[in-house]
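Residue numbers (my numbering): 533 to 1002.
Even for Gly, the Cβ is constructed at its ideal location relative to N, Cα and C.
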Ligand code: GLN
């Protein structure tokens, strides 16, 4: 059997990062300070659920700050975005992750990726009067669903961090004084530290990140884990604040929404494409894994992952042609007629739908011109239908769908419009009311080409043009 070249490539990325041996593991949590610094791993999970990895991909480490974006998503889910925004801002702080700071004017912690905002977000999970156990249970359960396996709190890491948690306790009292949390500050910190002590490996993290990359749908189970709107909120905050005070450098050089943690992990989530995770314990002075950053830079460069690259845009393509059909047995006038076909390929957004709009206008103008020169008014007599094929359309976003609906509505007042849409991307109401003698006002939607052909030319209808088919 042929082996995929991707794991080999990931091994090369890992080996290239190995010589980067500056930095130290986090020193303020003694279990982390003793981490084996030779450990390194990388994993990539696609939004349709393939996971590739290399290195120490089954070694577990505590999730630490990588829990923050997921707990922020839970807070949004449990309280609604507006209430979360009253307690946690979305401005990059440019400060260290453990800075005692609040936003001037609002008194909110600057963002949910620094500790102050993360403790406030933690305290919003479940409800403001929930117990620590309830919050931690909900978080462990949610992270386990994301990872696709049961995760556990590492008690040794928890105890170690709790021993020296004065800074986070200071942050929690500051939040309490500012009215940003209502629960006991010590309890908020204990819950937050338990959340940070959940053990994961890079494959778990890549899958969790891929769920963010997949708009909140789990790549393997297909379950909706988070609503699309909270994923967008989370990814936006990861983009501007995920790497603390190196967020600007990170987004310019790597270009992937990301989050790092003091145990040496980093995740990245590229919308519509993948999630990635890296791990190695030595940290730079800003608390980001040295080898991890090197691996992410390499991956982004080699694989074209930068989100500002042009390649993200031109996903759609439009083809149009005219096919000639000969009517089948049930077609009263079994002569040859033309069908104008538009085919749309790819993941279509405004730019692709606009391209289709131009193709329709140009094609219909051509037909009208030739009509006017032959018979006077109306559509050319031997164009019996305009057919839209969405067989190769992967997805339509909302604006693309609305634009195409409007084009179809306008065309349907002029001619017979037929749609082939096997997976329902267009979401047109399927053949609700037929034209009822009012002319061609309802497009007909079919799942297969054969059904569309039979509708256009009657049972037995054939495509006789050799150029392209329907
Ligand atoms: N538990 C850690 C802390 O609060 C998390 C920080 C991090 O991973 N950057 O200090």
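query	result
Who are the near neighbours of residue 889 in its chain, counting only those whose CB is closer than 7 angstroms to its CB and skipping five residues on each side?	935, 939
Using the Cα positions of residue 926 and residue 622, report the straight-line distance between them to the nearest angstrom.	33 angstroms
Between the C-alpha atoms of residue 585 and residue 542, what's the straight-line distance to the nearest angstrom?	7 angstroms
Could you check whether residue 560 and residue 766 sit closer than 8 angstroms to each other, using their CB atoms as the reference points?	no
How long is the line joining the alpha carbons of residue 740 and residue 753, rounded to whole angstroms?	12 angstroms
Residue 793: beta carbon under 7 angstroms from a heavy atom of the ligand GLN?	yes
Closer than 6 angstroms by C-beta to residue 776: which residues in its own chain qualify, once you throw out the five before and the five after it? Chain order, please.	629, 818
Three or more C-beta pairs under 8 angstroms: does that hold for the region 709 to 722 against the region 657 to 673?	yes
If you drop the 5 nearest sequence neighbours on each side, which residues of the same chain put their C-beta closer than 8 angstroms to that of residue 979?	952, 953, 954
Does DSSP put residue 978 in a helix, a strand or coil?	strand
Mind checking residue 654: buried by the 16 CB within 10 Å criterion, or exposed?	buried
Give the list of continuous alpha helix (DSSP H) stretches no shorter than 4 residues that lie fully inside the region 850 to 906.	882 to 906
Report yes or no: do three or more beta-carbon pairs, one from the region 634 to 643 and one from the region 704 to 712, lie closer than 8 angstroms?	yes
Going by beta carbon distance, what residues of the same chain come within less than 8 angstroms of residue 675, once the five residues before and after it are set aside?	595, 599, 602, 683, 730, 732, 740
Using only alpha-carbon positions, find the residue among 590, 687, 547 that is nearest to residue 725.	687
Could you tell me which of 994, 582, 800 sits nearest to residue 825, measuring between CA atoms?	800
Taking the DSSP output, what are the residues bridged to residue 797?	811
What residues match up with residue 802 in a beta bridge as DSSP calls it?	806
The ligand GLN heavy atoms versus the CB of residue 929: any closer than 7 angstroms?	no
Among the candidates 672, 652, 737, whose CA atom is the shortest distance from the CA of residue 607?	652
For a test of the three-state rule: what should DSSP assign to residue 908, helix, strand or coil?	Interpretation of residue 908 is limited by its pLDDT of 49, a score under 50 that renders its predicted location unreliable; the figure taken from the coordinates is listed afterwards. The answer is coil: DSSP assigns residue 908 none of H, G, I, E or B.
Report the rounded CA-to-CA distance for residue 535 versus residue 793, giving the unit in angstroms.	33 angstroms
For residue 742, which option in 679, 632, 778 has the closest C-alpha, if you only look at C-alpha atoms?	679
Which residue or residues does DSSP assign as beta-bridge partners of residue 584?	576
Can you list, in chain order, the residues of its chain whose CB lies under 7 angstroms from that of residue 783, leaving out five sequence neighbours each side?	771
Quick check on residue 995: does DSSP put it in helix, strand or coil?	strand
Between the Cα of residue 566 and those of 985, 692, 648, 554, spot the shortest distance and give me the residue it belongs to.	692
Within a Cβ cutoff of 7 angstroms, which residues of the same chain sit near residue 756, ignoring the five residues on either side of it in sequence?	748, 749
Buried or exposed: which applies to residue 893, given that a residue is buried once 16 or more other Cβ atoms fall within 10 Å of its Cβ?	exposed
What residue from 859, 857, 823, 854 has the CA that sits closest to residue 551's CA?	823
Tell me the rounded alpha-carbon separation between residue 780 and residue 624.	9 angstroms
Tell me the DSSP bridge mates of residue 731?	594
In the DSSP assignment, what residue or residues form a beta bridge with residue 556?	815
Cutting at 6 angstroms between CB atoms, please list the residues of its own chain near residue 856, excluding the five before and the five after it.	868, 870, 996, 997
Taking only runs that begin and end inside the region 759 to 795, name each unbroken alpha helix (DSSP H) of 4 or more residues, in chain order.	760 to 773, 779 to 785
What's the gap between the Cα of residue 556 and the Cα of residue 703?	25 angstroms
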